[in-house]
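Here the structure comes first, spelled out in structure tokens, and everything after it is commentary.
In the numbering used here, the protein residues as written are 72 to 403.
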């Protein structure tokens, strides 16, 4: 027969109410008593009835994490950082992969609300107005990771994507490149990748270089998009460098260049973005703009747990530092 809360109380020599206070982390229990209760819980292998507990406290100790594409190496690393922090604070994770489908994203938000998730760590493919209205309507504690909304009224953790892209393109310009292509999200999208196009344009304009639509290909962030994108660009114009808004795009672009007999970096410099694990083992190893991926997940989860528990946050919109990683896909 399963161990009950009565058994724990008897073993620890305390009341059922005291055991309940310990389980719910109520501060009125002194340390010595708390140790007795925790020791009894461990000895008896007691596990609280989560359903009954959640009905009473209106909390399930479950947090939803919504990601756009689980096959993209960027997102599992964020989830790992978030999950490590969630484990420390005894929260369970419910992972929702939307496959870049806005309908699935909408449905997952509604399901997490129905399942009484305590909060949501949210990585959206695109924070359109309809999605923001739904978030407001659901009134569920939420932290955005990788991006932020224009009003910045939803807590978030990200990098300065415009500045990061600007730094990357400036690096390519300083290498002597003048015909720099862009492959990535359109600036019309409401996500982090789209902001990188603004940084690309700003770097060209400040160096008196033309933003040429023929050297621009708007796409998703997969390797196939990089492969297709650079082929279409090269069918129109020539390039001496490519700025890609993800490492996967950069890998696809390099494969397309290789198939055309174009060498990287001897003929064309290629820069990625994110610094996923594959960037360091791909050939040639990718020069890239690195995001602190694990830290984005861990910081985001700490923020969310504070939000859930009505604790004060030092900052509601964290901007973490980016870094340029020099490897072999750009000329030394």
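Note that beta-carbon positions come from the ideal geometry of N, C-alpha and C, so glycine has one too.
- Looking at the DSSP output, residue 215 sits in a beta bridge with 193 and 227.
- Under the three-state reduction of DSSP, residue 361 is assigned to strand.
- Under a 10 Å Cβ-count criterion, residue 329 is classified as exposed, with fewer than 16 other Cβ atoms of the shown protein chains found around its own Cβ.
- Taking a C-beta distance under 8 Å as the contact criterion, residue 342 and residue 239 qualify as a contact pair.
- Between residue 149 and residue 216, the gap from beta carbon to beta carbon is short of 8 Å.
- Within the DSSP bridge table, the entry for residue 165 names 135 as partners.
- A direct Cα-Cα distance of roughly 15 Å separates residue 360 from residue 390.
- Residue 141 and residue 77 have their C-alpha atoms roughly 43 Å apart.
- Under DSSP, the beta-bridge partners assigned to residue 344 are 360.
- The C-beta distance from residue 319 to residue 297 rounds to 7 Å, short enough to meet the 8 Å contact threshold.
- Looking at the DSSP output, residue 387 shares a beta bridge with no other residue.
- Judged by their CB atoms, residue 308 and residue 286 are nearer to each other than the 8 Å cut-off.
- With a minimum length of 3 residues, the unbroken runs of beta strand (DSSP E) contained wholly in the region 270-325 fall at 287-289 and 312-315.
- Rounded to the nearest whole angstrom, the C-alpha separation of residue 316 and residue 183 is 30 Å.
- Here the C-alpha atom of residue 156 lies approximately 21 Å from the C-alpha atom of residue 139.
- Taking all protein chains shown into account, residue 270 has 16 or more neighbouring C-beta atoms within 10 Å of its C-beta and is therefore buried.
- Taking the C-beta atoms as reference points, residue 323 is found no nearer than 8 Å to residue 151.
- Under the three-state reduction of DSSP, residue 371 is assigned to helix.
- By the neighbour-count criterion, in which a residue is buried when 16 or more other Cβ atoms sit within 10 angstroms of its Cβ, residue 116 is exposed.
- Distance between residue 384 and residue 219, taken at the CA atoms: about 17 Å.
- DSSP places residue 252 in the strand class (E or B) of the three-state scheme.
- With contacts defined as CB atoms closer than 8 Å, residue 273 and residue 237 qualify as a contacting pair.
- A direct Cα-to-Cα measurement between residue 204 and residue 340 gives close to 42 Å.
- By the CB criterion at 8 Å, residue 400 and residue 335 fall inside the cutoff.
- With contacts defined by Cβ atoms closer than 8 Å, residue 313 and residue 254 form a contacting pair.
- For the 8 Å CB-CB criterion, residue 244 and residue 278 form a contact.
- The C-beta separation of residue 166 from residue 136 comes to about 5 Å, placing the pair in contact by the 8 Å criterion.
- A Cβ-Cβ separation of about 6 Å places residue 192 in contact with residue 153 under the 8 Å criterion.
- Here DSSP, grouped into helix, strand and coil, assigns residue 376 to helix.
- Scanning its chain for C-beta atoms nearer than 6 Å, with the 5 sequence neighbours on each side dropped, one finds around residue 346 the residues 359, 361 and 396, in chain order.
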